[in-house]
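Residue numbers (the working numbering): 85 to 271.
To keep things clear, I will list the structure first and then write my remarks on it.
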């Protein structure tokens with residue numbers, strides 16, 4: 085299977101739908117698809133995908149280990165980037181997170197080694213444990229709203245320290261290395 089067109093009549097792409105279709109390099113998603121299930125495209129080989137504006141849910145591990153994926157624009161109707169959604173997308177260099185997203189799940193971008201910079205919109209209020217773990221190329225994390233961030237322990241309960249997110253290069257180091265186990269919250 086190398087190419088797929090999902091028609092406008094489809095509203096959901098189920099769990100594991102195209103997982104292990106390692107030669108799937110060309111995909112068109114219909115305009116009415118609102119949900120992509122867990123592991124739906126794991127190990128696919130496309131380098132880009134356009135998600136429709138109707139999209140509200142990108143399931144856990146939906147694009148996990150799509151190693152050829154270079155860019156993704158998350159639609160403005162998505163509120164959560166689920167855990168492991170883009171884990172292991174080693175070619176990913178560009179991610180656009182819209183103002184609708186409020187939380188980034190555990191390991192969401194783990195191992196995206198080509199990702200050098202990311203901007204987190206004002207709407208983001210939670211970054212879960214290891215969201216950017218092993219993103220060794222990540223050099224800048226820009227927070228559009230720098231006030232009121234703090235780091236909590238791995239369970240998300242005890243405040244470890246307030247977080248100064250004004251220096252994008254320093255924050256990148258903290259998210260990738262020192263505080264990758266902890267949760268980051270906005271007060």
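All residues carry an ideal CB built from backbone N, CA and C; glycine is no exception.
From this set, the options, which residue's C-alpha is nearest residue i's C-alpha?
| i | options | result |
| --- | --- | --- |
| residue 112 | 270, 131, 122 | 131 |
| residue 129 | 154, 144, 138 | 154 |
| residue 107 | 126, 120, 98, 91 | 126 |
| residue 212 | 164, 179, 183, 227 | 164 |
| residue 115 | 139, 121, 101 | 139 |
| residue 168 | 209, 181, 143, 219 | 143 |
| residue 232 | 242, 209, 220 | 209 |
| residue 270 | 247, 226, 224, 102 | 247 |
| residue 90 | 104, 230, 135, 123 | 135 |
| residue 175 | 161, 197, 166 | 197 |
| residue 230 | 244, 170, 252, 110 | 252 |
| residue 254 | 194, 202, 92, 225 | 225 |
| residue 250 | 171, 227, 93 | 227 |
| residue 117 | 103, 85, 141 | 141 |
Looking at the structure shown, is residue i part of a helix, part of a strand, or coil, going by DSSP?
| i | result |
| --- | --- |
| residue 255 | helix |
| residue 226 | strand |
| residue 249 | coil |
| residue 208 | coil |
| residue 244 | strand |
Run through the DSSP bridge pairs and tell me what residue i is partnered with.
| i | result |
| --- | --- |
| residue 203 | 226 |
| residue 180 | 157 |
| residue 141 | 119 |
| residue 236 | 243, 267 |
| residue 164 | 187 |
If you drop the 5 nearest sequence neighbours on each side, which residues of the same chain put their C-beta closer than 6 Å to that of residue i?
| i | result |
| --- | --- |
| residue 260 | 216, 219, 222 |
| residue 178 | 155 |
| residue 159 | 135, 137, 139 |
In chain order, what residues of the same chain have a beta carbon less than 8 Å from the beta carbon of residue i, not counting five sequence neighbours either side?
| i | result |
| --- | --- |
| residue 121 | 96, 97, 98, 99, 100, 101, 143, 146 |
| residue 185 | 158, 162, 163, 164, 165, 205, 207, 208 |
Quiz item: What are the complete beta strand (DSSP E) segments, minimum 3 residues, inside the segment 89–127?
Solution: You should have 110–112.
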